[in-house]
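Undergrad:
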Amino acid sequence: MLSPLPISNCECGIPVEVKQSRHPKIAARAYYTCSREWSLTMCFGCPITCNPCDFFQWIDGPEKFDPRIRLFPYHENETKPYHEFKRWMPPPPNPPLMTPEEKAEAASIRVTNRPLCHCRVPCKLQRPNLELPVKFTPFFRCKLTTLDGWPLCDFQ
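Last residue of the sequence shown: 158 in the working numbering, with the numbers rising by one and none dropped.
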């Protein structure tokens, strides 16, 4: 994903990375830093550390950071790339409870507009228990049956 900010090159000659500070004193400020990662390579059997350059530059301006990053816990050794910062959106509120009339209307619409089973045939409403008290919930089942009375598909 591309960064929303203009990208320049650091002293290494590679594009810089935009990150956002999470330190409590300067939280949410965006800055440029070298995008090369620390790596360890072997040269003639000896480990050589390839480290990024010390390029660092603050990005100033109120539109360059999101203050909601302060809501996340701060870990001194952890940095987050700007484009990986997940903005939190509150969930939608629960819908109001349905009145008994609305429930009856929704049930009648569901019975008249029956779902299609796997055979692409409108289902039948199965009521497993007709005596009182009702012990089972009515459900939809495939209307097509085999010769011995079993449903043709396993839709339920």
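For each residue, glycine too, the CB sits at the ideal point set by N, CA and C.
(1) Figure out for me which residue from Cys12, Ser37, Cys155, Gly15 has the closest Cα to the Cα of Leu118.
(2) Pick from Val123, Asp56, Ile61, Cys55: whose alpha carbon is nearest that of Val20?
(3) I'd like the list of long-range same chain contacts for Arg116, defined as Cβ closer than 8 Å, with 5 residues on each side in sequence excluded.
(4) Which residues in the same chain as Leu99 place their Cβ atom closer than 8 Å to its Cβ, once the five residues preceding and following it in sequence are excluded?
(5) Could you please give the first and the last residue of the uninterrupted beta strand (DSSP E) stretch that includes Val123?
(6) Here's a check: name, in chain order, each residue in its chain whose Cβ is nearer than 7 Å to the Cβ of Lys145, leaving out the five neighbours to either side.
(7) Let's test the definition: count the other Cβ atoms within 10 Å of the Cβ of Ala32 and tell me whether it reaches 16, buried, or not, exposed.
TA: In this structure, then:
(1) Taking only the C-alpha atoms, the option nearest Leu118 is Cys155.
(2) Distance from the Cα of Val20 is smallest, within the candidate group Val123, Asp56, Ile61, Cys55, for Ile61.
(3) For Arg116, where only same-chain residues beyond five positions count, the Cβ hits under 8 Å are Pro124, Cys125, Lys126, Leu127, Phe142.
(4) The answer is none, since no qualifying residue turns up.
(5) From DSSP, Val123 is part of no beta strand (DSSP E); its letter is neither H nor E.
(6) Excluding sequence positions up to five before and after Lys145, its CB lies within less than 7 Å of the CB of Val123, Pro124, Cys125, Lys126, all in the same chain and listed in chain order.
(7) Classification for Ala32: buried.
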